Amino acid sequence: GRAAACAGRHREGPWAPLARMGEHAEQWAWRHARALGVLHVAYFAAFTAYRVAARGAHVALVETLWVCNISLLLYGVGCLLRSRRLVLLAVGVNAFPHLTWYLDVLLYALIGKMPFGRAKYMLWEGVTLLENVSSLHHAWFLPLAFPLVRDLGGLDWRCATLDFHVLVLPLYVVGTLATPEYVGGRYVNVNMVHSMWKDSHVEFFHQFDPTPEYAGTDMRARITYFFVAQLAGIWLFGFPCFVALRALYAAATRVWPPAPPPATKKAD
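Counting in the working numbering, the sequence shown runs from -1 upward without gaps.
#1: In its own chain, which residues sit with a C-beta less than 6 Å from the C-beta of H38, not counting the 5 before and 5 after it?
#2: Y119: which of V85, R80, S133, L108 sits nearest, CA to CA?
#3: Straight-line CA distance for G89 to V50?
#4: Would the beta-carbon of D102 fall within 8 Å of that of G110?
#5: Name the two residues that bound the continuous alpha helix (DSSP H) containing H135.
#6: Counting pairs of Cβ atoms below 8 Å between the region 130 to 150 and the region 76 to 93, do you hit three or more?
#7: Taking Cβ to Cβ, would you say H199 is nearer than 8 Å to P95?
#8: Tell me the rounded alpha-carbon separation between H135 and A143.
#9: Between the alpha carbons of L121 and A40, how many angstroms are there, rounded?
#10: Is it right to say Y223 is buried, meaning 16 or more other beta carbons lie within 10 angstroms of its own, or is it exposed?
#11: Which residue comes first and which comes last in the alpha helix (DSSP H) that contains A51?
#12: Would you grab the beta carbon distance between T177 and V186 for me? Rounded to a whole angstrom, and I think it's under 8 Å.
#13: State the Cα-Cα distance for the pair G76 and G35, rounded to the nearest angstrom.
#14: Tell me whether V181 sits in a helix, a strand or coil according to DSSP, three-state version.
#15: Closer than 6 Å by C-beta to T98: which residues in its own chain qualify, once you throw out the five before and the five after it? Chain order, please.
#16: Would you mind reading off the limits of the alpha helix (DSSP H) that contains S69?
#17: So is W138 buried or exposed if we call it buried at 16+ other beta carbons inside 10 Å?
#18: Leaving aside the five residues before and after L128 along the sequence, list all residues of the same chain whose C-beta is less than 8 Å from its C-beta, in chain order.
#19: By the 10 Å Cβ neighbour count, where 16 or more other Cβ atoms means buried, how is H192 classified, buried or exposed?
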């Protein structure tokens, strides 16, 4: 019996989900959640307000629909509500956008190129320093989230499957039906619902783009692009990135293992 219990704990890992952590351990995991929630919600409100002032309400509100922006609000609300599911979803959904952003920044520093184009907006003409600063959550969001994710039992596969689609698909549908590719001459293409990102130099991505004579005008072409490129892309690229995110998370938690919750006093 003892050997089987030890084997079960080994398969499960050192940080079991909250359902098996016990009430005291669960309270310990959420000990800093309120501060994290306030920080993320306040940051989301602040950078949205700044972009409204800098670019106008239309551009700012459209760009708010980016997955990487919405996930800030989702993470903050998850912390305030102590919702493990919302917190892990907010982290897992950023596997593709944030990891490719990291690669772009690293490769630009090494060879002067951004093959994915995910961070190239920072070099666009007319982009201000404060706009770039307001986008740096791409750099700090995951490292800041990892300690709480660790204490909540780690990333589970539901983040990359059912829950992922519950968040992403509505954003893609809204973006396809209600957001333009350009607003006042500014390229937005939120969540790449119109075509793959224009700064990407990976030609494989662009082979699914709607043809020029249909792009932006023919709803049939946009719906075809949505199903072929977006849904296939979620699994062809998003899921492998989630695997890479789990590996990065595992490496980070090995370097910085969790502190055990303080022992509870037994009643006399």
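Beta carbons: idealized from backbone N, C-alpha and C, even for Gly.
The structure presented is a predicted model; accordingly, all values stated were derived computationally and were not measured.
The relevant details are as follows:
#1: If you number the sequence shown from 1, residue 38 lands on position 40. Hits under 6 Å: L70, Y73, G74.
#2: If you number the sequence shown from 1, residue 119 lands on position 121. Closest option to Y119, Cα to Cα, is S133.
#3: The residue given as residue 89 occupies position 91 in the sequence shown. The residue given as residue 50 occupies position 52 in the sequence shown. Contrary to the premise, residue 89 reads as Val rather than Gly in this sequence. Going by the C-alpha atoms only, they are around 26 Å apart.
#4: Numbered from its first residue, the sequence shown carries residue 102 at position 104. Numbered from its first residue, the sequence shown carries residue 110 at position 112. For D102 and G110, no; Cβs fall outside 8 Å.
#5: As a working mapping, residue 135 is identified with position 137 in the sequence shown. Start and end: 135 to 149.
#6: yes
#7: Sequence index remark: in the sequence shown, residue 199 carries index 201 (1-based). Sequence index remark: in the sequence shown, residue 95 carries index 97 (1-based). No, these two residues do not count as a Cβ contact at 8 Å.
#8: Taking the first residue of the sequence shown as 1, we reach residue 135 at position 137. Taking the first residue of the sequence shown as 1, we reach residue 143 at position 145. Those two C-alpha atoms are separated by around 11 Å.
#9: In the sequence shown, counting from the first residue as 1, residue 121 sits at position 123. In the sequence shown, counting from the first residue as 1, residue 40 sits at position 42. Going from the Cα of L121 to the Cα of A40 covers about 26 Å.
#10: Taking the first residue of the sequence shown as position 1, residue 223 is located at position 225. So Y223 counts as buried.
#11: Against the sequence shown, residue 51 aligns to sequence position 53. It spans 31 to 53 - the alpha helix (DSSP H) in which A51 sits, taken as one unbroken run.
#12: The residue you call residue 177 lines up with position 179 of the sequence shown. The residue you call residue 186 lines up with position 188 of the sequence shown. 7 Å between Cβ atoms; contact.
#13: Numbered from 1 along the sequence shown, position 78 holds the residue referred to as residue 76. Numbered from 1 along the sequence shown, position 37 holds the residue referred to as residue 35. Going by the C-alpha atoms only, they are around 7 Å apart.
#14: Reading the sequence shown from its first residue, position 183 is the one you call residue 181. Note: V181 maps to strand in three-state DSSP.
#15: Counted from its first residue, the sequence shown places residue 98 at position 100. Excluding residues within five positions, the ones whose Cβ falls inside 6 Å are F114, R116.
#16: As a first step, residue 69 is located in the sequence shown; it is residue number 71 there, counting from the start. Unbroken alpha helix (DSSP H) run through S69: 65 to 79.
#17: Along the sequence shown, one-based indexing puts residue 138 at 140. So W138 ends up on the exposed side.
#18: For the purposes of this step, residue 128 is taken as residue 130 along the sequence shown, with counting starting at 1. Answer for L128: Y48, A52, listed in chain order.
#19: Working through the sequence shown from its first residue, we reach residue 192 at position 194. Buried is the call here.
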